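Numbering (this note's numbering), first residue to last: 13 to 108.
Idealized CB from N, CA, C, for every residue including glycine.
All of these numbers come straight from a predicted model, not from anything done at the bench.
For reference, the structure discussed in these notes is given below.
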Amino acid sequence: MIPTRKNAQTWKGSSAGVEARNETLRSTRHLGRTIWKKWSGYHRRSLVETKMGCFKLLGERVMARDFDRQVTELQVRAAILNQFTRLGTPHTIRVS
Numbered sequence: 013m014i015p016t017r018k019n020a021q022t023w024k025g026s027s028a029g030v031e032a033r034n035e036t037l038r039s040t041r042h043l044g045r046t047i048w049k050k051w052s053g054y055h056r057r058s059l060v061e062t063k064m065g066c067f068k069l070l071g072e073r074v075m076a077r078d079f080d081r082q083v084t085e086l087q088v089r090a091a092i093l094n095q096f097t098r099l100g101t102p103h104t105i106r107v108s
């Protein structure tokens, strides 16, 4: 699902794409844009796309030829990304 523009209008028609877009538009107007994104899981999609982009920056090709070594290579890349994410994530503390 892709969120509609802020000034979007309903489309006329009865195809599946038109119906889905109009339903998204109705939901966005009813719930609000921020709540709709959380409800629909849009933020998770955005985070996954960002993480995959970072994963590709480590190299788009697998260098190893043997399958077991390919698995190990990809696991090392994932471990590196997880460590970078852990280092860059702020630790927030609620102050009351």
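{"Query": "Extent of the continuous alpha helix (DSSP H) run through glutamine 25", "Result": "For the record, residue 25 in the displayed sequence is glycine; it is not glutamine. Looking at the DSSP string, glycine 25 is not in any alpha helix (DSSP H), and its letter there is neither H nor E."}
{"Query": "Residue of Leu86, Arg77, Gly44, Ser52 minimising C-alpha distance to methionine 64", "Result": "Leu86"}
{"Query": "Helix, strand or coil at histidine 103 [DSSP, three-state]", "Result": "coil"}
{"Query": "Per-residue burial, tryptophan 48 [other beta carbons within 10 Å of its own, 16 or more giving buried]", "Result": "buried"}
{"Query": "Exposure of threonine 84, with buried meaning 16 or more beta-carbon neighbours within 10 Å", "Result": "exposed"}
{"Query": "C-alpha distance - arginine 77 paired with leucine 70, whole-angstrom precision", "Result": "18 Å"}
{"Query": "Length-filtered (4 minimum) alpha helix (DSSP H) runs lying within the segment 56-102", "Result": "79-100"}
{"Query": "Terminal residues of the alpha helix (DSSP H) in which isoleucine 47 lies", "Result": "45-52"}
{"Query": "Inter-residue Cα distance where the pair is serine 26 and arginine 17", "Result": "20 Å"}
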